[in-house]
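Okay, so here's the structure we're looking at.
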Amino acid sequence: MNENPAYKSGFATLIGRPNVGKSTLMNRLIGQKIAITSNKPQTTRNRIQTVLTLDEGQIVFLDTPGIHKAKNKLGDYMVNVAEHTLNDVDVILWLVEPTNFIGAGERHIIEQLKKTKTPVILVINKTDTVKKDDILAFIDTYRKELDFCEIVPVSALKGDNTDVLIQCILKYLPYGPAFYDEDTITDQPMRQIVAELIREKALRLLSEEIPHGIAVTVESMKERGSICDIEATIICERDSHKGIIIGKGGQMLKKIGSQARPEIEDMLEMKVNLQLWVKVKKDWRDSDILLKNFGYNP
Ligand code: GDP
Ligand code: K
Ligand code: MG
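The C-terminal position of the sequence shown is numbered 534 in the numbering used here, with every residue numbered one higher than the one before it.
Below, the structure written as structure tokens:
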């Protein structure tokens with residue numbers, strides 16, 4: 237495919253407020269679940285890179301943590317990653333909710349986008365939740381705020397119009413050979429994906445009492461014949477949280493494990509024996525050393 241002079245390759249980043257559907261869209265575009273999703277903001281902490289290889293070209297997607305005002309060192313790191321990415325990519329996909337309301341979060345993003353020369357595609361997501369006729373008004377509202385190279389309404393959840401979005405992205409990529417082998421889907425280490433899948437289940441199952449204060453580390457992954465033994469630890473900030481994560485008679489921890497296991501099995505294509513532990517590490521979100529430990533390289 238690299239012989240083809242019309243072949244294109246480049247980088248696209250997904251930005252937008254927390255919960256707008258960035259990870260869902262990226263998973264949809266590459267046709268596989270790599271980035272975890274949940275209805276809690278700040279689900280995505282690291283920069284996740286995924287690859288879509290087509291006959292016409294190769295798109296490398298960067299799913300960034302949200303651009304927002306930071307509250308602690310982890311937040312700081314997440315914001316920096318997102319803002320630095322804007323000038324380094326070929327095209328920016330700005331995802332927004334299907335609404336006429338432009339709030340402080342959107343204003344902050346508009347300010348960042350005004351500073352970059354990178355073309356911006358406005359992606360109006362979640363169109364499955366609104367009437368078709370209303371979408372034109374949303375387009376008009378946003379068009380007044382910034383010069384977009386394209387405006388594409390989609391439903392990441394249903395997959396509506398995402399093929400059109402892919403064609404739009406390709407337009408803005410430079411000609412050139414593929415960066416990655418055509419089988420590559422992500423540069424995330426396997427352990428990190430496993431950790432993220434567990435974190436996703438924990439986020440979804442635990443009540444609001446434990447908002448973002450958990451991390452997951454995978455201590456070991458060992459193949460034993462046709463089974464993979466995995467040991468992982470959920471780290472939380474308080475003793476009281478530890479109790480909630482474990483649950484009565486260990487029920488919550490069991491539930492997290494039994495929801496994460498089939499997805500890990502799907503990804504590894506083998507049976508998994510998952511052992512989960514819970515540990516308390518106070519204030520890990522403000523410690524550089526602990527952040528590094530969890531793979532967030534500040
Ligand atoms: P992120 O924080 O921007 O990465 O957002 P996520 O991808 O984690 O999605 C946040 C929530 O919005 C999840 O509950 C998704 O299922 C939901 N969501 C994402 N895209 C769509 C969509 O197109 N339609 C609907 N109805 N829900 C969506
Ligand atoms: K989310
Ligand atoms: Mg996300």
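The beta-carbon is built from N, C-alpha and C at its ideal position, and this holds for glycine as well. Computed from a prediction, not measured in an experiment: that's the story for all the values here.
- By the criterion of at least three beta-carbon pairs nearer than 8 Å, the region 237 to 252 is not in contact with the region 364 to 374.
- For the pair A438 and I429, the CB atoms are not nearer than the 8 Å cut-off.
- Excluding residues up to 5 positions away in sequence, E418 lie with their Cβ nearer than 6 Å to the Cβ of T289 in the same chain.
- Close CB contacts of S462 within its chain, under the 8 Å cut and outside five residues either way in sequence, are with M506, K507 (chain order).
- The beta carbon of L265 lies closer than 7 Å to those of L288, F297, T398, I402 in the same chain, with the five residues before and after it left out.
- V327 is positioned such that its CB atom lies closer than 8 Å to that of A248.
- Per DSSP, the continuous beta strand (DSSP E) segment holding F297 begins and ends at 293 to 299.
- Residues L358, I375 of the same chain have their beta carbon placed closer than 6 Å to that of I387, with the five preceding and five following residues left out of the count.
- The DSSP-derived three-state label of E381 is coil.
- Per DSSP, reduced to three states, the secondary structure at A392 is coil, with no helix or strand assignment.
- Pairing P389 with I345 gives a Cβ-Cβ distance that is not under 8 Å.
- In the assembly as shown, L261 is a buried residue. Its beta-carbon has 16 or more other beta-carbons within 10 Å.
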